[in-house]
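S.K.:
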């Protein structure tokens, strides 16, 4: 057990250390996110007539959605990384190490999600600064929920890579998933707007992005945004935890079964 | 002396490869259609009617321009793969001049952009109205010039580094800068009002914005077209963009191939 925990720790550290390779990537992402929230979000909030009560505008509403979508994209990117490791033969090397398959799967998922969270930390700080949100408890709660959400998404993305076992197909599947899941969620619009197209509403009501975006909104604006959420705050929190736990368990079982035998295309 | 036949061989080869990436194309189409039939339809219920009477049609013209832009960008992805895999040595050994090779690749991206964009233009005809023959020619010229510009820019970016992640990041970064700092999502008047000065000029002269503006003038999406915009003015600006980027892209492509 102690050895397993040590190995788990080493795997997590391995993924976190890799962040240092991505200095330019982080800088580009931060620059791109700054344009998204400083230009796109600012302008688009001026064409939106929707008001949320008090001083709250669409801009505040969208900022937390934008953070959710970038965290989702960066967490999904762990899947690309795994696909690349397959192509480079690194996964086969890891299989030859004296590490249990289960520990390897959990370690890579937890390491990947912590790394994703760290990569998006500058974006979260930009959003918090723009919102003027400096309450420590709210910030810690937002960080914890983002971290848990990322575990679910990294589990999903790595499972998909093991299922598809092809670099090109992974690329396409992730592109389609990203564009559909971000748009069919409450990232851009409140739940009441989605109600105008019932099929879209149903998809968004089981979409994890909707749950994190709305939970973050509830953390910082519990009064103003409560009636615009897709579900009540307690359910939002339970959904995020349930999604992450179930995806982690499923991914661990799935990876254990699929990792043997290769078959990478 | 440029041999047109050599260039046409490169174009037809790149076109055949374009169809090989049909799943990648399916992904791209999904993204564009999701923007139109999910984002624009839902957002239409939130937008101030005094600013934009019909946001769905407003975005539809933007998506049509973006379509050619995204597809033309695909040539950069392939050029990047060739550089990474040292496939360039094979390309350089072909009985073609460097100029034919470079312009052939740029024009391949242009043709791809035009092919991909055509269904989106037809969709505009169905959703809005059939323009006059002269206006259809304007649309064709503008789309060709935009595709050439984007094809050249993406080739220049993709040959700048051999690192795959860096290539992808640089391409996405350029794509999103051109995408967000444009009038695809918001009217020009609002950009001018909120970001007067340098940022407005960047958005105004962005080739994507220029094409979108032309489409919006032709399909009568603007209540009042932005001042200084006419079909011929826009085509002139787009031609300048295409010429400069084609020479820059061609020069950088050849230089980086020979490194």
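Residue numbers (the working numbering), protein chains in the order written: chain A, 1 to 265; chain B, 266 to 524. Just so you know, even glycine gets a beta-carbon here, dropped at the ideal spot from N, CA and C. This one's a predicted model, so the numbers in the text were calculated from it and none came from an experiment.
On a CA-only basis, which of 2/A, 95/A, 101/A is nearest residue 251/A? Give me that one, please.
M.R.: That would be 101/A, whose Cα lies nearest to the Cα of residue 251/A.
S.K.: Whose Cβ in chain B lies nearer than 7 Å to the Cβ of residue 28/A?
M.R.: By Cβ distance, chain B contributes 434, 438.
S.K.: For residue 134/A, does the count of other Cβ atoms within 10 angstroms reach 16, so buried, or fall short, so exposed?
M.R.: Burial call: exposed.
S.K.: In chain order, what residues of the same chain have a beta carbon less than 8 Å from the beta carbon of residue 30/A, not counting five sequence neighbours either side?
M.R.: 122, 123, 126.
S.K.: Pick from 152/A, 231/A, 34/A: whose alpha carbon is nearest that of residue 268/A?
M.R.: The shown model of chain A, from 1 to 265, leaves out residue 268/A, and the question about it has no answer.
S.K.: Less than 8 Å between the C-beta atoms of residue 369/B and residue 412/B, yes or no?
M.R.: It is not a contact, given that the beta carbons lie outside the stated cut-off.
S.K.: Name, please, each residue of chain A whose Cβ falls closer than 9 Å to the Cβ of residue 350/B.
M.R.: Result: empty, since nearest Cβ-Cβ is about 12 Å, beyond 9 Å.
S.K.: Just curious, the alpha helix (DSSP H) that residue 409/B is in, first and last residue?
M.R.: From DSSP, the alpha helix (DSSP H) with residue 409/B extends over 398–423.
S.K.: Is the separation between the beta-carbon of residue 147/A and that of residue 113/A shorter than 8 Å?
M.R.: Cβ atoms of residue 147/A and residue 113/A: closer than 8 Å.
S.K.: Quick one: grab the DSSP three-state call for residue 449/B.
M.R.: Residue 449/B falls in the coil class under three-state DSSP.
S.K.: Name the residues in the segment 36–49 of chain A whose C-beta lies less than 9 Å from a C-beta of chain B; which are they?
M.R.: Of all residues in the segment 36–49 of chain A, 36, 39, 40, 42, 43, 44, 46, 47, 48, 49 have a Cβ within less than 9 Å of some Cβ in chain B.
S.K.: Alpha carbons only, please: which of 22/A, 203/A, 61/A, 14/A is nearest the one belonging to residue 220/A?
M.R.: Out of 22/A, 203/A, 61/A, 14/A, 61/A has the C-alpha closest to the C-alpha of residue 220/A.
S.K.: Mind checking which residues open and close the alpha helix (DSSP H) that includes residue 333/B?
M.R.: From DSSP, the alpha helix (DSSP H) with residue 333/B extends over 320–349.
S.K.: For residue 283/B, go through chain A and note every residue whose CB falls closer than 7 Å to its CB, in chain order.
M.R.: By Cβ distance, chain A contributes nothing, its closest Cβ being about 14 Å from residue 283/B, past 7 Å.
S.K.: Is the separation between the beta-carbon of residue 182/A and that of residue 77/A shorter than 8 Å?
M.R.: Going by C-beta atoms, residue 182/A is not nearer than 8 Å to residue 77/A.
S.K.: For residue 234/A and residue 214/A, what's the separation of their Cα atoms in angstroms?
M.R.: For residue 234/A and residue 214/A, the distance between alpha carbons rounds to 11 Å.
S.K.: Going by DSSP, what residues sit across from residue 13/A in a beta bridge?
M.R.: Residue 13/A pairs with nothing; no bridge assigned.
S.K.: Give a yes or no on whether the C-beta atoms belonging to residue 382/B and residue 336/B are separated by under 8 Å.
M.R.: Yes, Cβ-Cβ distance for residue 382/B and residue 336/B is below 8 Å.
S.K.: Any idea what DSSP makes of residue 187/A, helix, strand or coil?
M.R.: Correct three-state label for residue 187/A: coil.
S.K.: Would you call the segment 187–207 of chain A and the segment 307–327 of chain B in contact, with 3 or more CB pairs under 8 Å?
M.R.: Output reads yes: the segment 307–327 of chain B touches the segment 187–207 of chain A.
S.K.: Using the three-state DSSP reduction, which class does residue 127/A fall into: helix, strand or coil?
M.R.: Helix at residue 127/A.
S.K.: Taking 8 Å as the threshold (C-beta atoms), are residue 510/B and residue 474/B in contact?
M.R.: No, they are not a contact pair.
S.K.: What's the gap between the Cα of residue 93/A and the Cα of residue 86/A?
M.R.: So the two alpha carbons sit approximately 10 Å from each other.
S.K.: Kindly say whether residue 175/A, judged by its beta-carbon, lies nearer than 8 Å to any beta-carbon of chain B.
M.R.: Closer than 8 Å: yes.
S.K.: Within 8 Å (strictly less), CB to CB, does residue 228/A reach chain B?
M.R.: By this cut-off, residue 228/A is not an interface position.
S.K.: Please report the residue range of the alpha helix (DSSP H) in which residue 233/A lies.
M.R.: Its alpha helix (DSSP H) spans residues 233–258.
S.K.: Assuming residue 364/B and residue 267/B are in contact, meaning their beta carbons sit under 8 Å apart, how far apart are those beta carbons, in whole angstroms?
M.R.: Sure, about 6 Å apart at Cβ, within 8 Å.
S.K.: Under a CB-based cut-off of 8 Å, is residue 166/A close to chain B?
M.R.: With 8 Å as the cut-off, residue 166/A does not count as an interface residue toward chain B.
S.K.: May I ask you to report which of helix, strand or coil DSSP gives residue 48/A?
M.R.: The answer is strand: DSSP assigns residue 48/A an E or B state.
S.K.: Look up residue 312/B in the DSSP assignment and say whether it is helix, strand or coil.
M.R.: Three-state DSSP puts residue 312/B in a strand.
S.K.: Which stretch, first to last residue, makes up the alpha helix (DSSP H) that contains residue 463/B?
M.R.: Taken as a continuous stretch (DSSP letters only), the alpha helix (DSSP H) holding residue 463/B covers 463–470.
S.K.: Report the residue from 443/B, 451/B, 361/B, 418/B whose alpha carbon sits nearest the alpha carbon of residue 272/B.
M.R.: When each option's Cα is compared against that of residue 272/B, the closest is 361/B.
S.K.: Tell me the rounded alpha-carbon separation between residue 407/B and residue 333/B.
M.R.: If you take the alpha carbons of residue 407/B and residue 333/B, they lie about 10 Å apart.
S.K.: Short check: CB of residue 210/A to CB of residue 240/A, under 8 Å?
M.R.: Not a contact, by the Cβ cut-off of 8 Å.
S.K.: Just curious, the alpha helix (DSSP H) that residue 392/B is in, first and last residue?
M.R.: That run of the alpha helix (DSSP H) goes 363–392.
S.K.: Quick check on residue 178/A: does DSSP put it in helix, strand or coil?
M.R.: The answer is helix: DSSP assigns residue 178/A an H, G or I state.
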